[in-house]
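Report on the structure given below.
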Amino acid sequence: GTRFDNLEKHTQWGIDVLEKYIKFVKERTEIELSYAKQLRNLSKKYQPKKNSKEEDEYKYTSCKAFLSTLNEMNDYAGQHELISENMTAQIMVDLARYVQELKQERKSNFHDGRKAQQHIETCWKQLEASKRRFERDCKEADRAQQYFEKMDADINVTKADVEKGATPEDFSNLPPEQRRKKLQQKVDELNKDIQKEVDQRDAITKMKDVYLRNPQMGDPASLDHKLAEVSHNIEKLRLEAQKFEAWLAEVEGRLPARRQSGLYDSQTAPAVNNCVQDRESSPDGSYTEEQSQESEAKVLAPDFDDEFDDEEPLPAIGTCKALYTFEGQNEGTISVAEGETLYVIEEDKGDGWTRIRRSEDEEGYVPTSYVQVYLDKNAKGAKTYI
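Residue numbering for the sequence shown is 7 to 392, as defined by our numbering.
Right, here's the structure in full:
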């Protein structure tokens, strides 16, 4: 900012000097014209009048010399008029035009300079933000590494526990299709846990009813603490399930349109809410779980993947060229070799993955940064990611 202010003052000073010189030349031309006019008036004043006695006297040598001096004064006046005209045409006009050009160029340059300075300041802010984000990510990576090493060193911790600690909770490190399956699997597991807790709550409730009818068998109040604990677990699991369902809905919104089975909405929820009706009490106050277990089996039995076997292949919306080799070892990904050209069937939805196809039956996801995409101009929302 200070450098721009100094430069602005210096360039303005240069323009002021030129304008000052233009004003000087203008005043000089006015003086030249005024002097020429005065010389002509003086010459005219002493010229002999025609057809007069004075004109006859100018035939003498001394008078002719004086007359010659007067005529020469007119020539001097003409020379000063010529000086004034030349200074106006060759100096003042050109300088005035040059000053205007300088002002316009200066204004344009300072506008570009201010714009560039703002861009630099914005870049610095982005750099600082990226630096803070990088530091935060590094700290998170260090914590994850420490957790991993701690879990790996603990012989009592299973491999699944270690992987769970190193994997993001929302599986955002996976390709979209694989992430959807993992989230769906997690939702199913949580619903199963909810069903178990509900079964346990119903069992405690029935046992409490038995105690109320037969006090000699036990104290009903002794079950209140356990009943509250189970209810708390159910609420906690339902909140967890809602969180994963929201992530699942987000992923499914980014994936291509597919037939939804509606299994969770139409079967799982009623199974949880109507668990009490799914049971029958025996005459002695005990209870049976056969019908509930059968209902649970119905909820978990269908295979999601079988629903999509008859899908039509997605049309290609462009092509891409692999910039680097990608192994594609995870489920849902595809391996590519550097320089290989493939078809793009789904552009990056903002999660860093692009879906491509090599042949009719060989497709999958690759990192968007590994390929250069050339989308069809007619494709909706076509963008090129490099």
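Note that CB positions come from ideal geometry on N, CA and C, so glycine has one too. This one's a predicted model, so the numbers in the text were calculated from it and none came from an experiment.
Taking DSSP as the reference, what is the three-state secondary structure of Gln53?
DSSP places Gln53 in coil when its eight states are reduced to three.
Could you check if Leu45 is buried or exposed, using at least 16 other CB atoms within 10 Å of its CB as the buried criterion?
Buried is the call here.
Going straight from the alpha carbon of Glu346 to that of Ala322, what length do you get?
Cα to Cα, the separation comes out at about 16 Å.
Using 10 angstroms around the beta-carbon of Ala227, count the other beta-carbons present and answer buried if the total reaches 16, otherwise exposed.
Under this definition Ala227 is an exposed residue.
Name the two residues that bound the continuous alpha helix (DSSP H) containing Val342.
Unbroken run through Val342: none, as it is neither H nor E.
When the Cα atoms are used, what is the spatial distance from Leu76 to Phe116?
Taking the straight line joining both Cα atoms gives about 58 Å.
Please classify Pro308 as buried or exposed, where buried requires at least 16 other C-beta atoms within 10 Å of its C-beta.
At Pro308 the pLDDT is 44, less than 50, meaning the model places this residue with poor confidence and gives no usable figure here.
Cα separation between Asp315 and Glu235?
Because the pLDDT at Asp315 is just 47, under 50, the model does not fix this residue reliably, and the point stays unresolved.
Are Gly358 and Gly334 close, meaning C-beta to C-beta below 8 Å?
Not in contact: Gly358 and Gly334 (Cβ atoms no closer than 8 Å).
Please tell me whether Ile351 and Ile362 are closer than 8 Å, where the distance is taken between their beta carbons.
Yes. Within cutoff.
Whole beta strand (DSSP E) runs in the region 102-134 with 3 or more residues, listed along the chain?
As far as the region 102-134 is concerned, it has no whole beta strand (DSSP E) run of at least 3 residues.
Measure the C-alpha to C-alpha separation of Gln106 and Tyr27 and round it to an integer number of angstroms.
Near 14 Å, if we compare the C-alpha coordinates of Tyr27 and Gln106.
Identify which residue in Val31, Asp354, Thr8 and Val372 has its Cα closest to the Cα of Ile89.
Nearest of Val31, Asp354, Thr8 and Val372 to Ile89, Cα basis: Val31.
For Glu63 and Val23, I'd like the C-alpha separation in whole angstroms.
Cα to Cα, the separation comes out at about 56 Å.
Quick one: using the 10 Å Cβ neighbour count with 16 as the cut-off for buried, is Ser49 buried or exposed?
So Ser49 ends up on the buried side.
For the region 214-264, which segments carrying the alpha helix (DSSP H) assignment without a break, of at least 4 residues, lie completely within its bounds, in sequence order?
Here the runs fully enclosed are 230-260.
Please report how far the alpha carbon of Val98 lies from the alpha carbon of Glu87, in whole angstroms.
Residue identity check: residue 98 is Met in the sequence provided, not Val. Distance between the alpha carbons of Met98 and Glu87: 15 Å.
On a CA-only basis, which of Val257, Glu353 and Lys145 is nearest Tyr380? Give me that one, please.
Taking only the C-alpha atoms, the option nearest Tyr380 is Glu353.
Where Glu14 and Thr8 are concerned, what is the direct C-alpha to C-alpha distance, given to the nearest angstrom?
Near 10 Å, if we compare the C-alpha coordinates of Thr8 and Glu14.
What did DSSP end up calling Pro182 once you bin it into helix, strand or coil?
Helix, per DSSP.
Which residues bound the beta strand (DSSP E) around Lys327?
Gly324 to Ala328 is the extent of the beta strand (DSSP E) around Lys327.
Under 7 Å Cβ to Cβ from Ala343, same chain only, skipping five residues before and after it: list those, please.
Counting only Cβ-Cβ distances below 7 Å, and skipping sequence neighbours, we find Ala328 and Thr331.
Identify whether Tyr376 lies in helix, strand or coil by the three-state DSSP scheme.
Reduced to three states, the DSSP call for Tyr376 is helix.
Is DSSP giving Gly370 helix, strand or coil here?
Residue state, collapsed to three classes: strand.
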